[in-house]
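Q: This is the structure I want to talk about, given as structure tokens.
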Amino acid sequence: MKFGSESPKICHVEVTEKCNLRCPHCYNAQRTPETISWENLNNTIRELVENKVEHVIITGGEPLSAIKQTCHLADQSIKWGMTNSLNSNLTLATPEIARRLKEAGVQHCLTTLNGSTDETITRMTGVNGTLPKIIEGVRNMQEAGIRVTANLILNEHNKSEVVSTGILAKSMGINKFLANRTIFGYLVGKDDAQRMFDDLLLLQKFGLEVQTCRMVPECLFDDLDKYKPFINRGCSAGRKHLLLNINGDAHACVHELKSYGNIHEIGIKGVWENMGEWRDDKYVPEECKDCGRLESCNGGCRMVALACTGRMDGSDNLSCYSRKMG
Numbered sequence: 001m002k003f004g005s006e007s008p009k010i011c012h013v014e015v016t017e018k019c020n021l022r023c024p025h026c027y028n029a030q031r032t033p034e035t036i037s038w039e040n041l042n043n044t045i046r047e048l049v050e051n052k053v054e055h056v057i058i059t060g061g062e063p064l065s066a067i068k069q070t071c072h073l074a075d076q077s078i079k080w081g082m083t084n085s086l087n088s089n090l091t092l093a094t095p096e097i098a099r100r101l102k103e104a105g106v107q108h109c110l111t112t113l114n115g116s117t118d119e120t121i122t123r124m125t126g127v128n129g130t131l132p133k134i135i136e137g138v139r140n141m142q143e144a145g146i147r148v149t150a151n152l153i154l155n156e157h158n159k160s161e162v163v164s165t166g167i168l169a170k171s172m173g174i175n176k177f178l179a180n181r182t183i184f185g186y187l188v189g190k191d192d193a194q195r196m197f198d199d200l201l202l203l204q205k206f207g208l209e210v211q212t213c214r215m216v217p218e219c220l221f222d223d224l225d226k227y228k229p230f231i232n233r234g235c236s237a238g239r240k241h242l243l244l245n246i247n248g249d250a251h252a253c254v255h256e257l258k259s260y261g262n263i264h265e266i267g268i269k270g271v272w273e274n275m276g277e278w279r280d281d282k283y284v285p286e287e288c289k290d291c292g293r294l295e296s297c298n299g300g301c302r303m304v305a306l307a308c309t310g311r312m313d314g315s316d317n318l319s320c321y322s323r324k325m326g
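Every letter in the sequence shown is one number past the one before it in UniProt numbering, and letter 42, counting from 1, is 42.
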């Protein structure tokens, strides 16, 4: 099964490694105080344009701690016909910063809301008093005209708060709520994952659109129609999108440590060619290769498989091969 295109459609661009929070589950936990250089940023923008990237996700670290670079990237993405979105914890989103983001062309923000109480949020972020700052930041972004989506990363501290967190998000004027399993540090088992998806379905009754970003083995579900919001996604890593670090190193997945080269040396074209293994069957588990749902499922999350088995072609721990579909 070959899948993908000649160039990425979506690029995550890290503008800084600085962050004001200390979330233990963060994929970018090895933080430095470094921010992308203007030379690297402008060359990155040229590469995005030349390779016809369609959407830019501005990320970090915390991109609002590098507001000039964030606004420049947003402005240039719009100038060159791309769309954009921002990944931010929003604790630094003052009314002035929200206004600057809007003027630069930021269209949407994905923020993390990892619980419904200040106690849980403090445990998840490592910083006291974070929840009121998130609520204020969300309000400032909305008042500036920027749409906000909330995302919960599930672990042992908040697995009982999916519904209450979704209700909190709705009370904040947020209409789309995501929940995703942690990849490294806490392995979400089948029971907790099933409960998370059932809780998300329950939140639809409160008027929330619900989704998950993390690939899920579709054989986890006994009723694909019931769990439709969480299937037919496919894995975009190395197929549709890539991640660029502040120095230009490229990764297929935001959770991946392996680099496929540096765009300032071999360009996006070169690193994309080096990611070809993501676009063939190299990382598909043997048990999944004859499944009729493979094209939409890809055998589950490869980073979860790596965490569970030490192999990229290993089994996602949520797989239920007895339900494999022909």
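Here a beta-carbon is modelled for each residue, glycine too, at the ideal position from N, C-alpha and C.
(1) Let me know the secondary structure DSSP gives CYS308 once reduced to three states.
(2) Exposed or buried, what is LYS258 when buried is set at 16 or more other beta-carbons lying within 10 Å of its beta-carbon?
(3) So which of ASN317, ASP199, ILE67 has the shortest CA-CA distance to GLU17?
(4) Using alpha carbons as the reference points, say which of GLY115, THR125, ASP313, LEU203 lies closest to LYS282.
(5) Using a Cβ-Cβ cutoff of less than 6 Å, which residues in the same chain neighbour CYS235 once the five nearest sequence positions on both sides are dropped?
(6) Between which two residues does the alpha helix (DSSP H) harbouring ASN43 extend?
(7) Taking the alpha-carbon positions, what's the ARG311 to ASP280 distance?
(8) With a threshold of 8 Å, are at least 3 pairs of Cβ atoms found where one atom belongs to the stretch 261-271 and the other to the stretch 36-47?
(9) Exposed or buried, which one is TRP278 when buried takes at least 16 other CB atoms within 10 Å?
(10) Helix or strand or just coil, what does DSSP make of PHE3?
(11) Just to check my reading of the structure: ILE174 and VAL210 have Cβ atoms closer than 8 Å, yes? What is that Cβ distance to the nearest angstrom?
(12) Less than 8 Å separating the beta-carbons of ARG293 and GLU218?
(13) Within its chain, find whatever has a CB closer than 8 Å to the CB of CYS213; leave out the 5 residues flanking it on each side and keep chain order.
(14) So, under 8 Å CB-CB, ASN84 and THR112 are touching, yes? Tell me the CB distance rounded to an integer number of Å.
(15) Would you tell me roughly how many angstroms separate the C-alpha atoms of PHE3 and GLY129, rounded to the nearest one?
(16) Identify whether ARG100 lies in helix, strand or coil by the three-state DSSP scheme.
(17) Quick one: grab the DSSP three-state call for ARG293.
(18) Between the alpha carbons of THR120 and LYS159, how many angstroms are there, rounded?
(19) In angstroms, rounded to a whole number, what distance separates the CA positions of VAL271 and CYS11?
(20) Sorted by chain position, which residues of the same chain lie with C-beta nearer than 6 Å to PRO229's C-beta, five sequence neighbours on each side aside?
(21) Write down the C-beta distance between GLY105 and ASP75 rounded to the nearest angstrom, noting that I regard them as a contact closer than 8 Å.
(22) From MET172, SER164, ARG99, LEU318, pick the residue whose C-alpha is nearest to that of LYS133; which is it?
(23) From this set, LYS9, VAL163, VAL15, GLU6, which residue's C-alpha is nearest ASP249's C-alpha?
(24) Can you say whether TYR260 is buried or exposed, counting buried as having 16 or more other CB atoms within 10 angstroms of its CB?
(25) From the DSSP output, in three-state form, read off CYS19 for me.
(26) Cutting at 6 Å between CB atoms, please list the residues of its own chain near residue 378, excluding the five before and the five after it.
(27) Taking the alpha-carbon positions, what's the GLY145 to LYS102 distance?
(28) Provide the residue(s) that pair with CYS320 in DSSP beta bridges, ordered along the chain.
(29) State yes or no: is the C-beta of LYS9 within less than 8 Å of the C-beta of HIS55?
(30) How should SER65 be labelled, buried or exposed, when 16 other C-beta atoms within 10 angstroms of its C-beta is the threshold for buried?
(31) How would you label GLY207, buried or exposed, when you count the other beta carbons within 10 angstroms and need 16 or more for buried?
A: Quick answer:
(1) The residue given as residue 308 occupies position 308 in the sequence shown. The answer is helix: DSSP assigns CYS308 an H, G or I state.
(2) To locate residue 258, count along the sequence shown from 1; it is residue 258. Result: exposed.
(3) In the sequence shown, the residue the question calls residue 17 occupies position 17. When each option's Cα is compared against that of GLU17, the closest is ILE67.
(4) For the purposes of this step, residue 282 is identified with residue 282 of the sequence shown, where counting begins at 1. Nearest of GLY115, THR125, ASP313, LEU203 to LYS282, Cα basis: ASP313.
(5) Within the sequence shown, the letter at position 235 stands for residue 235. The residues are MET215, ASN298.
(6) Position 43 of the sequence shown, counted from the start, is the residue given in the question as residue 43. Unbroken alpha helix (DSSP H) run through ASN43: 38-50.
(7) As a working mapping, residue 311 is identified with position 311 in the sequence shown. As a working mapping, residue 280 is identified with position 280 in the sequence shown. So the alpha carbons of these two residues sit roughly 16 Å apart.
(8) yes
(9) What you label residue 278 is simply residue 278 of the sequence shown in a count that begins at 1. Under this definition TRP278 is a buried residue.
(10) Sequence index remark: in the sequence shown, residue 3 carries index 3 (1-based). Summary for PHE3: the model assigns pLDDT 47, below 50, so the residue's position carries little reliability; its value from the coordinates is reported in the next sentence. Coil, per DSSP.
(11) The residue labelled residue 174 in the question sits at position 174 within the sequence shown. The residue labelled residue 210 in the question sits at position 210 within the sequence shown. Contact between ILE174 and VAL210 is absent: CB atoms are separated by about 12 Å, not below the 8 Å threshold.
(12) By 1-based counting over the sequence shown, the position of residue 293 is 293. By 1-based counting over the sequence shown, the position of residue 218 is 218. Yes; because the gap between Cβ atoms is below 8 Å, this pair is in contact.
(13) Within the sequence shown, residue 213 is the residue found at index 213, counting from 1. Closer than 8 Å at the Cβ level, and outside the excluded window around CYS213, lie ASN151, LEU178, ASN180.
(14) Locating residue 84 in the sequence shown gives position 84, where the first residue counts as 1. Locating residue 112 in the sequence shown gives position 112, where the first residue counts as 1. Rounded, the Cβ-Cβ distance is 19 Å, inconsistent with contact.
(15) Within the sequence shown, residue 3 is the residue found at index 3, counting from 1. Within the sequence shown, residue 129 is the residue found at index 129, counting from 1. Caution applies to PHE3, whose pLDDT of 47 falls short of 50 and renders its modelled position unreliable; the model cannot decide the point.
(16) Locating residue 100 in the sequence shown gives position 100, counting from the first residue. DSSP places ARG100 in helix when its eight states are reduced to three.
(17) Here residue 293 is taken as the residue at index 293 of the sequence shown, counted from 1. Reduced to three states, the DSSP call for ARG293 is coil.
(18) In the sequence shown, the residue the question calls residue 120 occupies position 120. In the sequence shown, the residue the question calls residue 159 occupies position 159. Cα-Cα distance, rounded: 11 Å.
(19) Taking the sequence shown and counting its residues from 1, one reaches residue 271 at position 271. Taking the sequence shown and counting its residues from 1, one reaches residue 11 at position 11. Each residue's Cα considered, the two are about 12 Å apart.
(20) Position 229 of the sequence shown, counted from the first residue, corresponds to residue 229. Excluding the 5 residues flanking it on each side, PRO229 has same chain C-beta neighbours closer than 6 Å at VAL210, GLN211, in chain order.
(21) Locating residue 105 in the sequence shown gives position 105, where the first residue counts as 1. Locating residue 75 in the sequence shown gives position 75, where the first residue counts as 1. Contact holds; Cβ gap of about 6 Å.
(22) Your numbering for residue 133 matches position 133 in the sequence shown. For the residues MET172, SER164, ARG99, LEU318, the minimum Cα distance to LYS133 belongs to MET172.
(23) Start at 1 with the first residue of the sequence shown, and residue 249 comes out as number 249. Of LYS9, VAL163, VAL15, GLU6, the residue nearest in Cα terms is VAL15.
(24) For the purposes of this step, residue 260 is identified with residue 260 of the sequence shown, where counting begins at 1. Classification for TYR260: buried.
(25) Stepping through the sequence shown from its first residue, residue 19 is reached at position 19. CYS19: coil per DSSP, three-state reduction.
(26) The first residue shown for the chain is 1 and the last is 326, placing residue 378 beyond what the model contains.
(27) As a first step, residue 145 is located in the sequence shown; it is residue number 145 there, counting from the start. As a first step, residue 102 is located in the sequence shown; it is residue number 102 there, counting from the start. Cα-Cα distance, rounded: 7 Å.
(28) The sequence position of residue 320 within the sequence shown is 320, counting from 1. None, per the DSSP bridge assignment.
(29) Here residue 9 refers to the residue found at position 9 of the sequence shown. Here residue 55 refers to the residue found at position 55 of the sequence shown. Closer than 8 Å, so yes.
(30) Taking the first residue of the sequence shown as 1, we reach residue 65 at position 65. By the neighbour-count rule (16 or more Cβ atoms within 10 Å), SER65 is buried.
(31) Position 207 of the sequence shown, counting from 1, holds the residue named residue 207. So GLY207 counts as exposed.
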